[in-house]
Amino acid sequence: MIKKSKAIKILKKQKNKLDNPGYQNSTWILQTRTYITKFFGYKSEQWMHIASFSFTSSFRETNSLQKSLNVRLIKDFLDDCIETIKDVGLTKEEKKNWFFLMPNWVITVVIPSLCLLSFYIGLIVSNQQNVDLKQENKELKQSILISTKDLSQPKEENQSNPKQK
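Numbers given in this note's numbering equal positions in the sequence shown, counted from 1, plus 5.
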């Protein structure tokens, strides 16, 4: 990312080039448009404005007063761009994550399918765990019943023994 001070320096350099009539051509516009795109973004207001500039043959053939007025307007535009950079800063590039780079069909078909698949696997695993828990509960109930029978039998024997005496 370019710094604000560097961007301002570049725009001032482009503005100073206009003082030399040799730079008043389509190459200057292309270079300036490239800078504007980098600083403000493609299709920004500044980009749209610089895209309308042209140094065509009709511009060259106009009188010197008209030509100096047009150059003055371009310089004023560059001054406005410099002021905007000072006040607002430069446009940051959008960072695209991996999700943004996926085609739409992947997002609409594959991702919901993966969600449903994971839900189905979760059901299978939880059902298996439920079966295992039921089996464990059954075994625990049986062991408790056996242990309570063992505990209840000696009491019955003790109770029956006193009657026999």
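Quick reminder that beta carbons are idealized off the backbone N, C-alpha and C, glycines included.
Asked, Found
"Report the three-state DSSP secondary structure of D24 (helix, strand or coil).", "coil"
"Is the beta carbon of K80 closer than 8 Å to that of K20?", "yes"
"Taking only the alpha-carbon atoms, compute the straight-line gap between I87 and L122 and give it to the nearest angstrom.", "55 Å"
"Going by CA-CA distance only, name the one from N30, T113, K91, N142 that's closest to F44.", "K91"
"Within 10 Å of its beta-carbon, does A12 have 16 or more other beta-carbons around it, so buried, or fewer, so exposed?", "buried"
"Could you check whether A56 and R38 sit closer than 8 Å to each other, using their CB atoms as the reference points?", "yes"
"Taking the alpha-carbon of S10 as reference, which of K48, F124, V93 has the nearest alpha-carbon?", "V93"
"Taking the alpha-carbon positions, what's the D113 to W103 distance?", "Per the sequence presented here, residue 113 reads as Thr, with Asp not at that position. Each residue's alpha carbon lies about 15 Å from the other."
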